[in-house]
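With positions in the sequence shown counted from 1, the corresponding number in the working numbering is that position plus 617.
Beta carbons: idealized from backbone N, C-alpha and C, even for Gly.
Quick caveat, the model's predicted, so the values are computed rather than measured.
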Amino acid sequence: MVAHRTFVTFGQDHTHEIDGVIFDKDCIAVITGDSYKENRDTAFRIFGPKFCFEYPEDRFDDEDMHYYPRGYIPVN
Numbered sequence: 618m619v620a621h622r623t624f625v626t627f628g629q630d631h632t633h634e635i636d637g638v639i640f641d642k643d644c645i646a647v648i649t650g651d652s653y654k655e656n657r658d659t660a661f662r663i664f665g666p667k668f669c670f671e672y673p674e675d676r677f678d679d680e681d682m683h684y685y686p687r688g689y690i691p692v693n
């Protein structure tokens, strides 16, 4: 089975600390799973409703990375 990656962005007020790692407006959380739905469910389980958007990997444009100076941070 092919692994699917989902990119999660955060709003200005959305800061989460998970296992000592800070997820905030300056990074993109990367969730890997068997499907987009599984990844979306994982985002809500981990971050609750406090994130901005979630994108399937094929819908995210790397040219937008200048908005996220801390880069990609894997969640799982």
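On a CA-only basis, which of the options is nearest residue i? Give me that one, please.
i    : options                   : result
P691 : R662, S652, F668 and V638 : V638
Q629 : K667, D679, P673 and Y672 : K667
H631 : A620, R622, C644 and R676 : C644
S652 : I635, R622, H683 and I663 : R622
D641 : K654, F627, I635 and I648 : F627
K654 : M682, F624, I635 and R687 : F624
Give the range of the beta strand (DSSP E) segment to which residue i is assigned.
i    : result
T632 : Segment: none, T632 is in no beta strand (DSSP E) and carries neither H nor E.
R622 : H621 to T626
Around the C-beta of residue i, are 16 or more other C-beta atoms found within 10 angstroms, so that it is buried, or is it exposed?
i    : result
F661 : exposed
A620 : exposed
I635 : exposed
Pull up the DSSP beta-bridge partners for residue i, would you.
i    : result
Y689 : I645
I639 : E634
E671 : V625
G650 : H621
Considering only the beta carbon of each residue, do residue i and residue j sit closer than 7 Å?
i    : j    : result
E674 : R657 : no
V647 : Y689 : yes
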